[in-house]
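Engineer: Take a look at the following structure, please.
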Amino acid sequence: MFNSTVLEVAIGMISCYCAVSLIVSSINEGVSSMLQLRGKYLLQGIQKLLNDPDFNHMAQAVYNNAQFHPAGNGQAVNAKDLESLPSYASPRQFATALTDTLTTLQTLPGDMGSAIQNIPNPQLRQALSSMYERAGNDLSQFEAEVAYWFDQSMQRLAGAYKRTIQVWTVVFGLVLAMVFNIDTFHLFKVLWLHPTLAANISADQFANAQVAMDQLSVTSLPIGWEKPPFSWGADGPHWNYGLSDFLLMALGWGVTALTTLFGAPFWFDLLQKATHLRGAGNKPASTPNTAS
């Protein structure tokens with residue numbers, strides 16, 4: 002059986018990180034959806050792939066193709082005309098749309114080679130010409146080559162998107178840590194002195210972002226502001242904490258924000274394992290809440 006102060010402290014801190022990560026993940030998804038971030042990244046990636054930064058040739062034709070963008074009206078003249086940007090496209094969709102576009106450039110029906118040679122952009126023309134040669138002038142094999150080319154490009158694009166989301170994650174995590182005063186160092190200190198504050202925590206309390214937010218609001222964990230950060234006097238605002246206290250809090254907020262990079266699934270899985278381990282022993286008795 003394993004039950005100790007260390008385990009209770011770990012459960013308390015992990016549960017807090019799990020809640021923060023869940024909330025930040027939900028915020029990220031909401032903001033990303035509202036800004037159509039995935040769709041914009043996909044558009045930029047295809048414009049770069051097809052060497053069409055002005056969206057006036059191949060990228061425009063692909064986005065106006067119903068195979069690629071079935072929700073579009075097929076009449077977009079520039080990128081601003083696009084509505085409800087697709088957030089994802091399969092390699093097969095892209096290959097089919099690009100092949101359809103190339104057929105409009107054919108000198109003779111069924112002559113894909115001539116269509117490729119009629120592409121104005123030399124870099125794109127060379128890239129597609131090489132693929133067509135590797136495919137042995139076979140249309141199906143050519144589409145497979147194009148699909149692979151697109152897939153490789155999208156993997157690099159996914160890395161860029163992930164880095165952007167990671168920056169957002171830390172920023173939102175820091176804001177949340179400041180608003181709720183989720184100071185990692187203070188949290189650890191109080192839990193070490195009063196480990197039973199984490200006695201009633203279970204993984205079931207963190208099913209989704211809304212539940213996690215509720216838990217942060219009513220939790221017995223030592224988070225939140227004991228007194229307002231500043232107060233107003235006759236001569237203006239006064240900071241209620243000393244410089245050293247503020248710097249330590251800021252460092253604690255920063256650590257809390259960085260923990261969100263591990264993601265909610267990581268912390269939730271760790272919380273399940275920790276609470277299961279605690280279940281092997283006797284749970285300590287609860288104590289009254291301790292102010293932060």
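Residue numbering for the sequence shown follows my numbering, starting at 2 and increasing by one per position. For each residue, glycine too, the CB sits at the ideal point set by N, CA and C. As the structure is a prediction and not an experimental result, all values here were calculated from the model.
Go to H277, then tell me how far its beta strand (DSSP E) extends in each direction, as first and last residue.
Structural biologist: Your numbering for residue 277 matches position 276 in the sequence shown. Where H277 is concerned, there is no enclosing beta strand (DSSP E), although the alpha helix (DSSP H) it sits in stretches over A265 to R279.
Engineer: Could you tell me the alpha carbon to alpha carbon distance between F151 and K49, rounded to whole angstroms?
Structural biologist: As a first step, residue 151 must be located in the sequence shown, where it is residue number 150. As a first step, residue 49 must be located in the sequence shown, where it is residue number 48. Straight-line Cα distance between these residues: approximately 11 angstroms.
Engineer: Identify whether P123 lies in helix, strand or coil by the three-state DSSP scheme.
Structural biologist: Against the sequence shown, residue 123 aligns to sequence position 122. In the structure shown, P123 sits in a helix (DSSP, three-state: H, G or I).
Engineer: Where does the unbroken alpha helix (DSSP H) through G160 begin, and where does it stop?
Structural biologist: If you number the sequence shown from 1, residue 160 lands on position 159. Run containing G160: L140 to V180, per the alpha helix (DSSP H) assignment.
Engineer: Would you list the one or two residues that DSSP bridges to P238?
Structural biologist: Residue mapping note: residue 238 aligns to position 237 of the sequence shown, counting from 1. In DSSP, P238 forms a bridge with W233.
Engineer: In chain order, what residues of the same chain have a beta carbon less than 6 angstroms from the beta carbon of D53, not counting five sequence neighbours either side?
Structural biologist: Translated into the one-based positions of the sequence shown, residue 53 becomes position 52. Hits under 6 angstroms: M59 and A60.
Engineer: Applying the 10 Å Cβ sphere with the 16-neighbour rule, what's the burial state of Q94?
Structural biologist: What you label residue 94 is simply residue 93 of the sequence shown in a count that begins at 1. It is buried - the Cβ of Q94 has at least 16 other Cβ atoms within 10 Å.
Engineer: If you measure from the beta carbon of A159 to each beta carbon in chain D, is any gap under 7 angstroms?
Structural biologist: As a matter of chain content, chain D is missing from the structure shown, which is built from one protein chain.
Engineer: Evaluate contact between the region 159-168 and the region 107-118, counting only Cβ atoms and requiring at least three cross-stretch pairs below 8 angstroms.
Structural biologist: Not touching, per the Cβ criterion.
Engineer: Considering Cα atoms alone, identify which of W233, G243, N79 and P71 is closest to S88.
Structural biologist: Taking the sequence shown and counting its residues from 1, the one referred to as residue 88 is at position 87. Answer by Cα proximity: P71.
Engineer: Going by beta-carbon coordinates alone, are Y21 and T261 separated by less than 7 angstroms?
Structural biologist: The residue you call residue 21 lines up with position 20 of the sequence shown. The residue you call residue 261 lines up with position 260 of the sequence shown. The identity of residue 21 in the sequence shown is Val, whereas the question assumes Tyr. Yes, the pair counts as a contact, with Cβ atoms nearer than the cut-off.
Engineer: To the nearest angstrom, report how far apart K274 and I15 are at their CA atoms.
Structural biologist: Position 273 of the sequence shown, counted from the start, is the residue given in the question as residue 274. Position 14 of the sequence shown, counted from the start, is the residue given in the question as residue 15. Cα to Cα, the separation comes out at about 11 angstroms.
Engineer: Using a Cβ-Cβ cut-off of 7 angstroms (strictly less than) and excluding sequence neighbours within five positions of W268, which residues of its own chain qualify?
Structural biologist: Taking the sequence shown and counting its residues from 1, one reaches residue 268 at position 267. Excluding residues within five positions, the ones whose Cβ falls inside 7 angstroms are I15, Y18, C19 and S22.
Engineer: Which residues in the same chain have their Cβ closer than 7 angstroms to the Cβ of Y64, if we skip the five residues on either side of it in sequence?
Structural biologist: Your numbering for residue 64 matches position 63 in the sequence shown. Excluding sequence neighbours, Y64 sits near H70, G73, A77 and L83.
Engineer: Helix, strand or coil for P289, going by three-state DSSP, please let me know.
Structural biologist: Sequence index remark: in the sequence shown, residue 289 carries index 288 (1-based). Bear in mind that the predicted position of P289 carries a pLDDT of just 46, short of 50, making it too unreliable to give a figure here.
Engineer: Measure the alpha-carbon distance for W240 versus L249 and round it to whole angstroms.
Structural biologist: Stepping through the sequence shown from its first residue, residue 240 is reached at position 239. Stepping through the sequence shown from its first residue, residue 249 is reached at position 248. Spanning the two alpha carbons is a distance of roughly 15 angstroms.
Engineer: May I ask which residues mark the beginning and end of the alpha helix (DSSP H) holding F247?
Structural biologist: Counted from its first residue, the sequence shown places residue 247 at position 246. Taken as a continuous stretch (DSSP letters only), the alpha helix (DSSP H) holding F247 covers L244 to T260.
Engineer: Using three-state DSSP, classify G75 as helix, strand or coil.
Structural biologist: For the purposes of this step, residue 75 is taken as the residue at position 74 of the sequence shown. In this structure, G75 counts as coil in the three-state DSSP scheme.
Engineer: Among L271, L38 and D246, which has the Cα closest to the Cα of N182?
Structural biologist: Residue 182 sits at position 181 when you count from the first residue of the sequence shown. Among L271, L38 and D246, the Cα nearest to that of N182 is on D246.
Engineer: Assuming Q68 contacts D101 (C-beta within less than 8 angstroms), just tell me the rounded distance between them.
Structural biologist: The residue given as residue 68 occupies position 67 in the sequence shown. The residue given as residue 101 occupies position 100 in the sequence shown. Q68 to D101, Cβ: 6 angstroms. Contact.
Engineer: Just to confirm, are L177 and G46 a CB contact at a threshold of 7 angstroms?
Structural biologist: The sequence position of residue 177 within the sequence shown is 176, counting from 1. The sequence position of residue 46 within the sequence shown is 45, counting from 1. Not closer than 7 angstroms, so no.
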